[in-house]
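One structure below.
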Amino acid sequence: MRRGFTLIELLIVISVIAILVGIALPRFKGMQDEGNIAKSKGELRTLQTAVESYYIHNNQTYPAALSDLTTAKPNIVTAIPDDPFAASGTDYVYTRGGTNNKYYILYSVGPDANGSATISGTNTVTETNGSSCIYVSNMSVDTAP
């Protein structure tokens with residue numbers, strides 16, 4: 007009696023493994039996006055707290071740029087985290103606006119990497135580009151389509 011596997015048996019095993027990998031990869035990508043969304047939301051809340059702390063300690067003015075948070079006195083944050091959905095080394099987007107720059111938006115470009123948000127003339131957040139951006143702000147949200 008011969009020991010070992012026939013060529014047919016090996017091909018069947020390889021094809022079953024290939025099918026299982028084909029099923030698992032899309033699910034892994036979805037889980038990775040969900041993890042990055044949670045990470046982004048957490049980092050944005052932390053940055054929002056840092057921006058509000060800057061406002062309290064700097065004569066009721068918001069920072070001109072996120073990099074101002076790293077040099078502020080008292081020390082607020084040591085480094086600005088990178089947006090997990092943007093190109094490598096790209097920070098979250100920070101924009102000020104409204105009367106006397108008293109409003110701001112902090113956002114991530116989101117899973118499709120092209121989301122954005124702006125401050126509208128009525129001092130509300132308006133998402134653009136059919137956006138899937140993730141954001142925090144000290145303004146109300148424009149719910150108009």
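Residue numbers for the sequence shown, in the working numbering: 7 to 151.
Ideal placement from N, C-alpha and C gives every residue a C-beta, glycine not left out.
Cβ pair count under 8 angstroms reaching 3, the segment 13-26 against the segment 97-113: The answer is no - the segment 97-113 does not touch the segment 13-26, with fewer than three Cβ pairs under 8 angstroms.
For residue 100 and residue 72, the rounded distance between their alpha carbons: Approximately 7 angstroms between the Cα atoms of the pair.
Under the three-state DSSP convention, the category residue 68 falls into: Here residue 68 sits in coil by DSSP.
Opening and closing residue of the alpha helix (DSSP H) in which residue 132 lies: Where residue 132 is concerned, there is no enclosing alpha helix (DSSP H), although the beta strand (DSSP E) it sits in stretches over 130-134.
Residue burial classification, residue 41 (beta-carbon count within 10 angstroms, cutoff 16): With fewer than 16 Cβ atoms within 10 Å of its Cβ, residue 41 is classed as exposed.
For residue 28, the first and last residue of its enclosing alpha helix (DSSP H): It spans 13-63 - the alpha helix (DSSP H) in which residue 28 sits, taken as one unbroken run.
For residue 88, three-class secondary structure by DSSP: The answer is strand: DSSP assigns residue 88 an E or B state.
Selected residue, minimal CA-CA separation from residue 102, among 13, 145, 10 and 95: Across the set 13, 145, 10 and 95, the C-alpha of 145 shows the shortest separation from the C-alpha of residue 102.
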